[in-house]
Amino acid sequence: MGQTETEFAMAHIGLVGIGVMGREFALNLAEEGHSVSLLDRTLAKSEEVVVAGADLTGDLIACADEAAFVNSLPSPRSVLVLVPSGKPLDSVIGALSPLLNKGDLIADLGNSYYKDTERYVAELEAKGLMFLGMGISGGAEGARHGPAIMVGGSKDSWARVKGPLQDASAKFEDDPCCDWFGPGGSGHFIKMLHNGIEYADMQMIAESYGVMRDGWGMDAKAVGDVFAGWMGGPLNSYLVEIAAEVARADDPKTDNAMLDMILDRAGQKGTGRWSVIEALHLGAPASMMQAAVEARNISADLEGRVAGAAAFGAVDRGDAGDRAGGIAALEKAMIAAKICAYTQGFEVLRRASDAFDWDLDLAAIARVWRAGCIIRSVLLDDMSEAFEEDGARRLFFAPKFKALMQENAEALQSVVGMAVSARLAVPAMYAAMSYYNASRTETSTANMIQGLRDRFGAHTFERVDAIGEDVGVKVNGPWHD
Ligand code: 6PG
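In this note's numbering, the protein residues as written are 49 to 529.
Right, dumping it as structure tokens:
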């Protein structure tokens with residue numbers, strides 16, 4: 049709660065890695081009054097930041113090498129590292145840690161894999177150093193004016209940098225969107241899952257664009273207007289806002305809609321894929337993130353798609369039905385699908401918390417995502433309240449979200465049904481619908497799975513009519529008599 053200037057003294061911290069994010073974050077910290085020593089492989093980059101931030105309150109100090117950097121910092125030192133994860137991070141830590149003293153702190157603000165973070169914590173703490181793994185979200189704009197920050201590591205390390213980081217973070221009604229969540233790699237795990245949800249959110253937006261473009265023949269501007277209209281309801285979010293902007297923009301080179309000139313081959317750096325892999329390890333459904341990752345994989349294979357169109361002919365779109373009623377249904381379908389995506393995402397976090405003993409506070413995570421990060425949306429405040437009321441309850445069972453599902457799930461069924469008939473690809477919405485339907489099915493078909501497992505491998509099953517002591521007892525079927 050606004051615990052910034054009054055509670056914390058101005059800090060002098062180090063920042064390594066003056067790429068776009070590093071530069072913007074250094075300026076942000078200096079604007080908040082903190083002094084920042086800067087280190088990059090190229091001194092000129094640090095010097096540029098010093099010039100750019102000349103009018104800001106905090107001092108910006110360009111350092112020529114590691115020794116000058118370390119000497120410039122007051123003890124105990126706090127060093128933020130903003131370089132790509134993997135080898136670049138390894139080499140920064142390798143070069144800096146021998147120069148640091150016991151009690152000095154390194155914080156990694158990259159999108160690191162949480163198990164790497166756990167390794168760094170163990171290695172550096174064994175040397176008497178401190179290490180924090182923190183996810184930072186919001187792109188360059190966020191880094192400059194207030195990102196969301198998800199921190200993991202020891203509480204002592206967190207106490208060291210809490211002041212400047214909360215000062216620089218986004219605020220939701222004065223509440224800093226920067227918090228500590230647990231030990232080791234928990235901060236990076238939460239950021240990874242944030243990105244998994246980001247993938248699902250973006251895929252749903254792309255699917256609704258596809259329904260409008262290929263189902264109803266709408267041009268990019270008309271699609272942008274629909275997205276802009278959604279900003280008046282529960283879909284109000286940063287991603288929908290920028291989807292409207294992207295869809296409405298013109299290409300200065302051709303005067304066509306910019307969107308029509310963007311090659312449909314999606315990139316990915318790995319956090320979405322990691323989210324799905326971790327969810328699978330934890331046994332938590334993450335079908336919407338998986339659909340999003342797979343859609344990006346298929347999009348990336350442009351040659352394969354061209355060959356497919358040549359072999360089988362272009363998809364016959366069929367009839368996508370009435371546009372006006374369809375657009376209203378699409379908004380409702382998106383609301384239901386979005387709630388399913390967040391329900392899955394938070395359930396992955398809950399499983400991770402149990403499996404790794406992290407004791408994650410889901411309400412606090414939702415709170416930090418309310419501003420600054422890419423998935424910020426009006427629904428996140430309600431999500432934080434839902435988890436505050438009952439942290440053990442699945443998100444879509446909370447009264448507000450249950451009501452939204454009851455109001456909108458039928459539209460999800462009808463939009464997916466229409467899309468399937470019109471041969472429009474809506475894998476994330478389809479995954480949402482299946483997840484919702486499966487989640488309310490008391491009598492599933494897994495009795496057949498169990499029967500087959502027992503028949504071929506004597507894996508046993510439980511009986512539906514077991515009572516008393518027999519509940520939970522595993523038996524074989526008659527095929528083994
Ligand atoms: C953020 C973003 C940011 C970035 C990711 C995803 O929260 O600011 O998630 O971290 O966009 O790296 O990138 P890809 O889509 O390339 O995987």
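Virtual Cβ for every residue (Gly too), placed ideally from N, Cα, C.
Exposed unless 16 or more other CB atoms sit within 10 angstroms - verdict on residue i
| i | result |
| --- | --- |
| Gln454 | exposed |
| Met49 | The predicted position of Met49 is uncertain, since its pLDDT is 36 and thus under 50; no value can be drawn from it. |
| Lys380 | buried |
| Phe449 | buried |
| Glu395 | buried |
| Val521 | exposed |
| Glu326 | buried |
| Glu55 | Only weak support exists for where Glu55 lies, its pLDDT of 47 falling under 50; the value from the coordinates is given anyway. Exposed: under 16 other Cβ atoms inside 10 Å. |
| Gly65 | buried |
| Arg488 | exposed |
| Glu246 | buried |
| Asp249 | buried |
| Phe237 | buried |
| Ala506 | exposed |
| His242 | buried |
| Gly201 | buried |
| Leu87 | buried |
| Lys317 | exposed |
| Ile290 | exposed |
| Arg301 | One detail in the question is off: residue 301 reads as Lys in this sequence, not Arg. It is exposed - the Cβ of Lys301 has fewer than 16 other Cβ atoms within 10 Å. |
| Glu166 | buried |
Cross-strand partners of residue i (DSSP beta bridge)
| i | result |
| --- | --- |
| Ala142 | For the sequence presented, residue 142 should be read as Gly rather than Ala. BP columns for Gly142 are empty, so no partner. |
| Leu128 | Leu63, Ala155 |
| Val199 | Met182, Trp228 |
| Val84 | Ile61, Leu108 |
| Ala314 | Answer by DSSP bridge pairing: none, since Ala314 is not bridged. |
| Ala305 | Asp298 |
| Phe444 | Phe444 pairs with nothing; no bridge assigned. |
| Asp223 | Phe220 |
| Phe394 | Answer is none; Phe394 lacks a bridge partner. |
| Ser285 | Ser425 |
| Val341 | None; Val341 has no bridge partner. |
Close beta carbons around residue i, own chain, < 7 Å, minus the five adjacent residues each side
| i | result |
| --- | --- |
| Val271 | Tyr257, Met260, Arg261, Ala295 |
| Glu72 | Ala188, Ala191, Arg192 |
| Lys93 | Ile66 |
| Thr391 | Arg442, Leu443, Phe444 |
| Glu342 | Pro475 |
| Phe117 | Gly62, Ser85, Leu87, Cys111 |
| Val288 | Ile253, Phe275, Trp278, Met279 |
| Arg321 | Val341 |
| Ala403 | Leu330 |
Cβ separation of residue i and residue j, assumed to be a contact under 8 Å, to the nearest whole Å
| i | j | result |
| --- | --- | --- |
| Ser139 | Cys111 | Not a contact, Cβ separation roughly 17 Å. |
| Ala218 | Gly186 | 7 Å |
| Leu460 | Ala339 | Wrong, their Cβ atoms sit about 14 Å apart, outside the cutoff. |
| Ala254 | Ala305 | The Cβ separation is near 15 Å, so there is no contact. |
| Ala196 | Val416 | 5 Å |
| Tyr484 | Ala457 | 6 Å |
| Thr508 | Asp502 | 6 Å |
| Tyr286 | Arg424 | 5 Å |
| Ile109 | Ser120 | 6 Å |
| Leu130 | Leu77 | Not confirmed; about 11 Å, so no contact. |
| Ala334 | Ser323 | 7 Å |
| Trp551 | Ala368 | Look at the range of the chain in this structure, 49 to 529, and you will see that residue 551 is not part of it. |
| Leu330 | Ala400 | 6 Å |
| Val209 | Ser126 | 5 Å |
| Met477 | Val463 | 7 Å |
| Ala480 | Ala389 | 7 Å |
| Leu410 | Gly374 | No, Leu410 and Gly374 are not in contact; Cβ-Cβ is about 35 Å, not under 8 Å. |
| Asp429 | Arg418 | 5 Å |
Sequence-distant residues of the same chain with beta carbon closer than 8 Å to residue i, five excluded per side
| i | result |
| --- | --- |
| Asp204 | Met178 |
| Ser133 | Asp156, Gly158, Asn159, Ser160, Tyr161, Asp164 |
| Trp206 | Leu180, Val199, Trp228 |
| Ala74 | Leu63, Ile66, Val84, Leu86, Val97, Gly101, Leu108 |
| Ala115 | Leu147 |
| Leu408 | Phe229, Gly230, Ser234, Ile238, Leu397, Arg398, Ala400, Ser401 |
| Leu311 | Leu350 |
| Gly151 | Ser123, Pro124, Gly176, Leu177, Met178 |
Contact set for residue i: own chain, Cβ-Cβ below 6 Å, skip 5 residues either direction
| i | result |
| --- | --- |
| His82 | Met58, Ala59, Gly106, Pro212 |
| Ala20 | What is shown of the chain runs 49 to 529, which leaves residue 20 out entirely. |
| Gly525 | Asp502 |
| Leu104 | Ala78, Glu79 |
| Pro224 | Gln214, Ser217 |
| Arg344 | Ala314, Gln316 |
Residue i CB to nearest heavy atom of the ligand NAP below 8 Å
| i | result |
| --- | --- |
| Gly235 | Absence of the ligand NAP from the depicted structure is noted, with the ligand 6PG being the only ligands included. |
9 Å Cβ cutoff, residue i in contact with chain C
| i | result |
| --- | --- |
| Asp273 | You won't find chain C in this structure, because it holds only one protein chain. |
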